[in-house]
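If you read the sequence shown in my numbering, its first letter stands for residue 285, the second for the next number, and so on. We put the beta carbon where it would ideally sit given N, CA and C, even for glycine. This structure is a prediction, so every number in the text was calculated from the model and none was measured. Beneath this line is the structure, given in structure tokens, with notes to follow.
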Amino acid sequence: VAGANRVFRIASHVTTGAVLCTCLLVALMEVAGRPGVATLVGLATGLLMVSLGSMPVSVVAWSLRGLVLDVVALAISRGKCGMACYCAAASLAFFLQSVVGGALYFLLFVEKSSWLAASKGLFLPPILLGPLLSLAGVYLALRYAVPRAAGIASTRVQG
């Protein structure tokens, strides 16, 4: 994700970040079955992104995304989250990651006189498209990634 973000910027954030990362976060939450997994993975992702050249706001934004996923999934489901629960959590998490990450970026790294012009091109696409595309990530996780991971785990336990 960090490498793709450096080359493709907004397009990567909206596609790879929304679909692939949502898929991985939801699959890890489902396979681990423990609260806090998405928060920990979000923190690790943010640190990795910074080590690969992203802005330091990545740590806050990715940690927030994981935290929101964990909290919303736990609050809605009280234990077992399904498709609708994960869809709500993933959309809200991606939306807040984009808003907070974008706001911190503008506050820390963009001159105030340029905020309005910069926000139109950089800020609106992820806010509008990302939460919708994150639904595809949830679907891929629950339909393909989690069943495959469960199959691999059961094969290793039996064999």
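1) Can you tell me whether P431 is buried or exposed? The criterion is at least 16 other CB atoms within 10 Å of its CB, across all chains shown.
2) Jot down the residue ranges of each uninterrupted beta strand (DSSP E) in the stretch 330 to 405, minimum 3 residues, whole runs only, in chain order.
3) Are the beta-carbon atoms of L501 and Q381 separated by less than 8 Å?
4) Please say whether L353 and L309 have beta carbons closer to each other than 8 Å?
5) List the endpoints of the continuous alpha helix (DSSP H) containing L309.
6) Just how far apart, CA to CA, sit A316 and A433?
On the basis of the coordinates in this document:
1) Locating residue 431 in the sequence shown gives position 147, where the first residue counts as 1. It counts as exposed.
2) If we require 3 residues or more, the stretch 330 to 405 turns out to have no beta strand (DSSP E) run fully inside it.
3) The structure shown does not extend to residue 501, since the chain spans only 285 to 443, so no value can be given for it.
4) In the sequence shown, residue 309 corresponds to position 25, counting from 1. In the sequence shown, residue 353 corresponds to position 69, counting from 1. Less than 8 Å divides the Cβ of L309 from the Cβ of L353.
5) Locating residue 309 in the sequence shown gives position 25, counting from the first residue. Looking at the DSSP string, the run of the alpha helix (DSSP H) that includes L309 is 305 to 316.
6) Position 32 of the sequence shown, counting from 1, holds the residue named residue 316. Position 149 of the sequence shown, counting from 1, holds the residue named residue 433. Their backbone Cα atoms lie some 11 Å apart in a straight line.
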